[in-house]
């Protein structure tokens, strides 16, 4: 049976509530395209390689958090900054902020990263 897809209002990230969830994990978070595109571009500078695994999520979160802080500081100081990129890295942090019961399907994520790498 097909998974039901809904929009998680607090984050704006797509969440799937699978009919047959992984035990203890009932919400699949699906990172936004912009998040995956940034990951595809910055994978090496983050210090991770394909395939991305759950153990890489902390580094990914730290990367997005650091980027958000850097660009938000530039905005606050009146420096020139890319407003779209700031929004995308802020969303990227949210996309990898997993609460209890949340998970990201790493197989799907790796496929999307590979696709985004080819289309860049």
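Residue numbers (my numbering): 4 to 123.
For glycine and all other residues, C-beta sits at the position ideal for the given N, C-alpha and C.
Every value quoted in this text rests on a predicted model; they were computed, and no experiment measured them.
Inset, instruction - Put residue 51 into one of helix, strand or coil per three-state DSSP. - result: Residue 51 sits at position 48 when you count from the first residue of the chain shown. Coil at residue 51, not helix or strand.
Inset, instruction - Between the Cα of residue 89 and those of 79, 104, 97 and 71, spot the shortest distance and give me the residue it belongs to. - result: The sequence position of residue 89 within the chain shown is 86, counting from 1. Per the Cα distances, 71.
Inset, instruction - Please report the residue range of the alpha helix (DSSP H) in which residue 127 lies. - result: Residue coverage of the chain in this structure runs from 4 to 123, which leaves residue 127 outside it and unanswerable.
Inset, instruction - Pull up the DSSP beta-bridge partners for residue 107, would you. - result: Along the chain shown, one-based indexing puts residue 107 at 104. For residue 107, which the question treats as bridged, DSSP gives no partner whatsoever.
Legend entry - Outcome for residue 118 when other beta-carbon atoms lying within 10 angstroms are tallied against a minimum of 16: Within the chain shown, numbered from 1, the residue matching residue 118 stands at position 115. Exposed, because fewer than 16 other Cβ atoms sit within 10 Å of the Cβ of residue 118.
Legend entry - Assigned exposure category for residue 94 - 16 Cβ within 10 Å defines buried: Residue mapping note: residue 94 aligns to position 91 of the chain shown, counting from 1. That one is buried.
Legend entry - Rounded separation between residue 66 and residue 41 - CA only: Working through the chain shown from its first residue, we reach residue 66 at position 63. Working through the chain shown from its first residue, we reach residue 41 at position 38. So the two alpha carbons sit approximately 11 Å from each other.
Inset, instruction - Rounded to whole angstroms, what's the CA-CA distance from residue 63 to residue 78? Just pull it up for me. - result: Position 60 of the chain shown, counting from 1, holds the residue named residue 63. Position 75 of the chain shown, counting from 1, holds the residue named residue 78. About 23 Å.
Inset, instruction - Specify the secondary structure class of residue 61 as computed by DSSP and reduced to three states. - result: As a working mapping, residue 61 is identified with position 58 in the chain shown. If DSSP states are grouped into helix, strand and coil, residue 61 belongs with the helices.
Inset, instruction - Identify which residue in 85, 116 and 120 has its Cα closest to the Cα of residue 56. - result: Counting from one through the chain shown, the residue named residue 56 turns up at place 53. When only C-alpha atoms are compared, the closest one is 116.
Inset, instruction - Taking residue 30 as part of the beta strand (DSSP E), name the residues at either end of that continuous run. - result: Locating residue 30 in the chain shown gives position 27, where the first residue counts as 1. 30-33 is the extent of the beta strand (DSSP E) around residue 30.
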